[in-house]
Structure formats: structure tokens, C-alpha cells
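Note that numbering that gives the first Met the number 0 numbers the sequence shown so that position 66 is 65, with each residue one more than the last.
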Amino acid sequence: MTVLNREELASKILEMRPWHHDIELFDDFSTGLVFSETRKLPKEENDDVTLISPRKKFMRQVNALFPEGMANKSFLDCACNGGGYCFWAREKDVERAVGFDVREHWIEQAKFVQENRTAFPTDRIEFQVMDLYDVPKHDFGTFDMTYFSGLFYHLPDPVTGLKIAADLTTDVLVLNTALLLDPDNPRGMTLAMESRTKVMSGVHELAWFPNGKETLRDILLWLGFKDLKVGMFNESNARKRGRIEILAAREAGRLDNFVGESLI
Ligand SMILES: C[S@@+](CC[C@H](N)C(=O)[O-])C[C@H]1O[C@@H](n2cnc3c(N)ncnc32)[C@H](O)[C@@H]1O
């Protein structure tokens, strides 16, 4: 393996645009810092993709869920993009992390970070190019924690998609999705068509947006989760757009430590 110096790494990161995940490679050097000191990058210069730095939020979640760390725990990230969440789970000493995404572009980034990140170990993490719907063809085993972020509303059959991930989850699943709010039918879903080729979209063209948290509550209960807490909820009434993050646990009372609206 060739060891790249700072300049070579920076030039490779520029070349590998667009980036969605800002990930530290080592002290004072992250995929976001290559673009600006504030780790911001205008969407126009990033193929219409937003560069995000969600490490702190993820660490807060993991610290609350697993106060002893993630040793002996496994983590699955569905649609892992640049792999950020797997690397941060590894910082918490995760025993095994698997990240998959349907696009080679993102998995190339994740593997590039895996090779060049010296801030923390990057072993015990496996990345694969894969469509969510092909996951049942593989034997991944089960996972204590599953991330299902930014994927629900890119699927032609999101209930089947979420069930695939839920069936592999033994403890907690984190569902983060966009909403198309419809107060007249909050338990429904709204059909949308999307590009098959934009790097942040799905690949099946047909997609469904949940109309409210009620839709997701009912689906998660049907999937067998016994405790549900809203971690984040944003709505913009003018555009009927919303975003929600729900933590779903297999065991009743598992999320008692979490501040947030209970959906049970
Ligand atoms: C909005 S981004 C979310 C990325 C990441 N999960 C996060 O929350 O930061 C959507 C991601 O889903 C991936 N994706 C879309 N459809 C997929 C599918 N059917 N199977 C696996 N990945 C998919 C895209 O390639 C893209 O990386």
C-alpha cells in the first residue's frame, strides 16, 4: 500500500468529489477541511450534494445507547455513502461493522478513507457495493445496531426495504428519513419519481415519502420494535417538507434514557 502525504491526499480528495461525509483522516485533516476551514462546501461545487459533519451527533447517540462502548457489538449501515458512521462506530471499538451502498462512487470513497485514516483503527469494517434489496441473498449475520439513514424515501417499496434491515437488527435501529407532510392523511405515503442516476438518489426511480411520523410508527411497530423515540423532527409547513429521526428498539424501556417524544 502506498502511503500518501498530506498534499497527495488533499488532491485525491478533490478529485473524488462529490463528498457527503466529512470524515477525519488524522488530526486537523478531514475530507471536509480539504475544501474549507469551516468544512462547508457550496452544493454548486459539489455536484448538488450537501457536505455534512454528523460525527458528534452520532457519538452522542452511541454513548447513550452503549455507555460501555461498542466492544462485542456489531453495526450495520444501510446506504453507508462515504462510510462515516462505520468509522465512528470503530472509534467506539465496534467488533464488526458492515456498510453497503448501491453506488461504487461512495464505496470507493469509504475504501479510500479506510486505507488512509490514521486517527483510529479502520480494521473490522467491511464495505460493499450492494442494493438493499440484494442484502437477503448474503449471509451478513445479525447486528446490534443498524443505521437506515437517508434511504427510506429512495425506495420503490420502503416497507420491504426497512424490513430487510429490521430483520437483521437485534437491539436498536435508527431510521432517518425525509417526510412529505400531509396532516389530512398522516399515516399514508406520497408517491414520487426521482432520478436513477443522481449520486444521492435511489436507483429504482419510484419512491415513497412518509406523510407523517404516524406512518413510521405503525411500520416500526409492525416490524416488531417495542420502544420508539423521536430523536429529531423538523418541519417546514410552507413546503410540506419534513425530516425525522426515530430510534427503534427491540426491548420495551430500552430508550428510557433518551430525551424525545415517545411514539409508544
Ligand atoms: C441521501 S443519501 C444518505 C447517505 C447516508 N446514509 C447518510 O445518511 O448520510 C442516500 C444514499 O442511499 C444510497 N442508495 C440509494 N438507493 C439505494 C439502494 N437501493 N441500496 C443501497 N443504497 C442506496 C445512495 O447511493 C446514497 O448514498
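Built from N, CA and C at the ideal position, the CB exists for glycine as well.
For cysteine 77, the enclosing beta strand (DSSP E) stretches over residues 73-77. DSSP places alanine 109 in the uninterrupted alpha helix (DSSP H) bounded by 103-115. Taking 9 Å as the cut-off, the Cβ atoms of glycine 223 and alanine 165 count as close. Ranked by Cα distance from glycine 140, the first of Ala206, Glu6, Leu167, Lys91 is Leu167. The C-alpha of asparagine 115 lies about 27 Å from the C-alpha of leucine 150.
Beta-bridge analysis with DSSP links isoleucine 245 to Leu174, Val229.
If you ignore the 5 residues before and after tryptophan 87, its C-beta comes within less than 8 Å of the C-beta of Arg54, Phe57, Met58, Val61, all in its own chain and listed in chain order.
The closest CA to that of asparagine 80, considering only Asp138, Pro135, Arg195, His19, is found on His19. Between leucine 32 and the set Ile51, Asp46, Asp47, the nearest pair of CA atoms involves Ile51. CA-to-CA, the gap between serine 35 and valine 48 works out to about 16 Å.
The beta carbon of lysine 162 sits closer than 8 Å to the beta carbons of Leu222 from its chain, once the five residues preceding and following it are set aside; these are given in chain order. Looking from the CA of aspartate 26, the closest CA among Met15, Arg5, Thr159 belongs to Arg5.
Taking 8 Å as the cut-off, the C-beta of glycine 149 counts as close to a heavy atom of ligand 1. The alpha carbon of methionine 129 has as its nearest neighbour, out of Ala9, Gln108, Asp100, the alpha carbon of Asp100. Annotation: the continuous beta strand (DSSP E) that includes arginine 95 extends over 95-100. At least one heavy atom of ligand 1 lies closer than 8 Å to the C-beta of methionine 199.
Here alanine 70 is exposed. Its C-beta has fewer than 16 other C-beta atoms within 10 Å. Annotation note: the segment 120-206 contains the following uninterrupted alpha helix (DSSP H) runs of length 4 or greater, listed N- to C-terminal: 157-165. Boundaries for glutamate 44: no beta strand (DSSP E) harbours it, and the DSSP string shows neither H nor E there.
When beta bridges are read from the DSSP output, arginine 240 appears opposite Leu179, Ser235. Your pair aspartate 226 and alanine 206 does not check out as a contact, with CB atoms roughly 28 Å apart and the cut at 8 Å. Counted as a single uninterrupted DSSP element, the beta strand (DSSP E) harbouring glutamate 23 occupies residues 23-25. For phenylalanine 28, DSSP records a beta bridge to Phe25. The C-beta separation of lysine 228 from phenylalanine 257 comes to about 5 Å, placing the pair in contact by the 8 Å criterion.
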